[in-house]
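In my numbering, the protein residues as written are 1424 to 1787. One structure below.
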Ligand code: SF4
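Here it is, written out as structure tokens:
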């Protein structure tokens, strides 16, 4: 398949593996930020092909995984209201809140609809003027432009029956939280190519300099990842800590200024709670005061819910590269994709789910 097969080319991958082995002189720990990269690494067995002293650890870049229980419970409460049509991307339907998930609410009669674009909510709002349409706006910088466009268009049309339950999170503050932790062992990062296609690379320069950690913007196919790792290892071995771009076919240093302007016109930076990682200052976007009327948390009276994670779940440490799924006593036993206990098993992009899908429990 064009634009896919060439990035899975086995001889080219072998050449990068040989090049990595040739330049590696000591152990290095490298984190891929994005859940899509984690899946490619586990699916194609890239860790096993690398020199033994290159360790890959897996980051917090799965938006479904890091959406806090409190927000899921708010979504469930909204979806159960008779006047609400609750719209969401499909991957949020099975994410468990403290007692149930959106699919269960739908089974009990809630009007929960899967949309493929945030803008689908405009049609639903126009078709159902006597209903309240709520869109579940979760995700990283990648989904924010579409969600911002939804708000801008709804405001322009004067749609008063549409609102958003917002839980946007940002990658650079999460990287900083990992690098500044006393337990940190990550020495370099594969940054997420799609996030940088929107936001550019400027936010990563100060992180690379402050923490002396190379950051390589990387794509999602095996050849992308191996080339990104080669660029990371080359910097580490040379004592450099810079931002480099492997994903040149999609990412420009300045990102997408039009999308950034749209985001800035609708959202403002807020402190966010991350499932498994806790509160990170200035790590998300919420609707700016000018668009407060579209904020579902403002429009509806939603009880504050505090739901603790299961005590045995170590997903917070997994999301920060401190542990691997095999170190969790519940992995594959009490915690499976069918019955997830924690953040990194709830989504197909989560690290525990990737290890469960592509490896048996013993080799995880
Ligand atoms: S296997 Fe389940 S319980 Fe264990 S860390 Fe992963 S999500 Fe948490």
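Where is the CB? At the ideal position from N, CA and C, for every residue including glycine. The model shown is predicted, which means the values in this text are computed figures rather than measured ones.
Item: Beta-carbon spacing of residue 1622, residue 1678 below 7 angstroms; Value: yes
Item: Whole-angstrom C-beta distance between residue 1601 and residue 1589, which should lie under 8 angstroms; Value: The Cβ separation is near 24 angstroms, so there is no contact.
Item: beta-carbon residue 1768 near the ligand SF4 non-hydrogen atom, thresh 6 angstroms; Value: yes
Item: Separation of residue 1480 from residue 1784, as counted between CA atoms; Value: Here the model assigns residue 1784 a pLDDT of 48, short of 50, so the residue's position is not dependable, and the following value carries that caveat. Rounded to the nearest angstrom, the two C-alpha atoms are 17 angstroms apart.
Item: Unbroken stretches of the alpha helix (DSSP H), 4 residues or longer, contained in the region 1440-1480; Value: 1458-1466, 1469-1472
Item: For residue 1508, the nearest candidate out of 1551, 1631, 1430 (CA to CA); Value: 1551
Item: Span of the alpha helix (DSSP H) around residue 1527; Value: 1525-1530
Item: Rounded separation between residue 1716 and residue 1691 - CA only; Value: 15 angstroms
Item: Residue 1538: first and last residue of the uninterrupted alpha helix (DSSP H) it sits in; Value: Counting along the chain, residue 1538 falls outside any alpha helix (DSSP H), and DSSP gives it neither H nor E.
Item: Per-residue DSSP class, three states only, for residue 1649; Value: helix
Item: Test item: CB-CB of residue 1645 and residue 1436 under 7 angstroms; Value: yes
Item: Near the ligand SF4: residue 1710 beta-carbon under 6 angstroms from a heavy atom; Value: no
Item: Residue from 1487, 1731, 1457, 1443 whose Cα sits closest to the Cα of residue 1472; Value: 1443
Item: Selected residue, minimal CA-CA separation from residue 1581, among 1562, 1549, 1425; Value: 1549
Item: Neighbourhood of residue 1470 by C-beta, 7 angstroms cutoff - its chain only, sequence neighbours within 5 removed; Value: 1464, 1479
Item: Exposed unless 16 or more other CB atoms sit within 10 angstroms - verdict on residue 1695; Value: buried
Item: Rounded separation between residue 1681 and residue 1569 - CA only; Value: 12 angstroms
Item: Residue 1686: CB within 6 angstroms of a non-hydrogen atom of the ligand SF4; Value: no
Item: Buried/exposed call for residue 1579, threshold 16 Cβ in 10 Å; Value: exposed
Item: Alpha carbon of residue 1513 to alpha carbon of residue 1544, nearest angstrom; Value: 14 angstroms
Item: Reduced DSSP secondary structure (H/G/I, E/B, other) of residue 1589; Value: strand
Item: Residue 1740 - containing alpha helix (DSSP H), residue span; Value: 1738-1742
Item: Same chain, Cβ closer than 7 angstroms to residue 1705, neighbours up to 5 away in sequence not counted; Value: 1596, 1692, 1694
Item: Distance cut-off 6 angstroms: residue 1586 Cβ against heavy atoms of the ligand SF4; Value: no
Item: Nearest to residue 1599 (by Cα), restricted to the options 1516, 1661, 1626, 1576; Value: 1626
Item: Rounded separation between residue 1564 and residue 1483 - CA only; Value: 14 angstroms
Item: Rounded distance between the beta-carbons of residue 1594 and residue 1456, thought under 8 angstroms; Value: 6 angstroms
Item: Any non-hydrogen atom of the ligand SF4 within 6 angstroms of residue 1738 CB; Value: yes
Item: Where residue 1510 sits in the DSSP three-state scheme; Value: strand
Item: C-alpha gap between residue 1427 and residue 1618, whole angstroms; Value: 20 angstroms
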